[in-house]
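Shown next, in structure tokens, is the structure this report addresses.
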Amino acid sequence: MKNLKKDLAELKALSGNAFTEKAAEMKKIYTSPEEVAEIHKFINSGFNEIEKELTELKDEILVRQQLNEVAKFVNLSYIAEHYFNKSRAWLSQRINGHVVFGKPRYLSDKEKETLNFALKDMSEKLGSLVIS
1230 MKNLKKDLAE
1240 LKALSGNAFT
1250 EKAAEMKKIY
1260 TSPEEVAEIH
1270 KFINSGFNEI
1280 EKELTELKDE
1290 ILVRQQLNEV
1300 AKFVNLSYIA
1310 EHYFNKSRAW
1320 LSQRINGHVV
1330 FGKPRYLSDK
1340 EKETLNFALK
1350 DMSEKLGSLV
1360 IS
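Each residue of the sequence shown is one higher than the last, beginning at 1230 in this note's numbering.
Structure below.
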């Protein structure tokens, strides 16, 4: 099993033909019921990870699309600094799903609530403004 775990870790880092070749090689080597069960567990875990990433990506594409229209006149630097105490770059990374330290970053549910609050708060301030 020790080599199986090592091979699965190597397999996870591969893609394309290299992945296919490594998987075919492993299929010949690891045939015991325990090894096959471990491989199935690995595959299911991979599918779950992909599903989670796709859901996050879909959510973030929606956030980006929703902000696209107002991003032209809403100051994201102001929102980042005043509502998140972060930089504009930080907010931009999360809105656009940029990779930071090897992992795509997105707005958490709590951060989405903060962004919604910021937009509503700014909307109310603009709506109540009357120049005399």
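All C-beta atoms in this analysis are idealised placements derived from N, C-alpha and C, irrespective of residue type, glycine included. These figures come from a predicted structure and were not determined experimentally.
**Prompt:** Just to confirm, are A1309 and K1301 a CB contact at a threshold of 8 Å?
**Reply:** One-based indexing of the sequence shown puts residue 1309 at position 80. One-based indexing of the sequence shown puts residue 1301 at position 72. No.
**Request:** Tell me, to the nearest whole angstrom, how far the beta carbon of Y1312 is from that of F1276; I am working on the premise that it is less than 8 Å.
**Result:** Translated into positions along the sequence shown, residue 1312 becomes position 83. Translated into positions along the sequence shown, residue 1276 becomes position 47. Going by Cβ atoms, the distance from Y1312 to F1276 rounds to 37 Å, so no, they are not a contact pair.
**Message:** Restricting to Cα atoms, I'd like to know which of F1271, S1321, M1255 is closest to I1290.
**Reply:** Position 61 of the sequence shown, counting from 1, holds the residue named residue 1290. When only C-alpha atoms are compared, the closest one is S1321.
**Prompt:** Excluding five sequence neighbours on each side, which residues of the same chain lie with their C-beta closer than 6 Å to the C-beta of L1237?
**Reply:** Taking the first residue of the sequence shown as position 1, residue 1237 is located at position 8. Correct list, in chain order: F1271.
**Request:** Kindly indicate which three-state DSSP category K1301 falls into: helix, strand or coil?
**Result:** Along the sequence shown, read from residue 1 onward, the residue named residue 1301 stands at position 72. Reduced to three states, the DSSP call for K1301 is coil.
**Request:** Give the secondary structure of K1382 by DSSP, where H, G and I count as helix, E and B as strand, and everything else as coil.
**Result:** This structure cannot speak to residue 1382, because the chain is shown only from 1230 to 1361.
**Message:** Classify L1336: buried if its beta carbon has 16 or more other beta carbons within 10 angstroms, exposed otherwise.
**Reply:** Along the sequence shown, one-based indexing puts residue 1336 at 107. Buried, by the Cβ-count rule.
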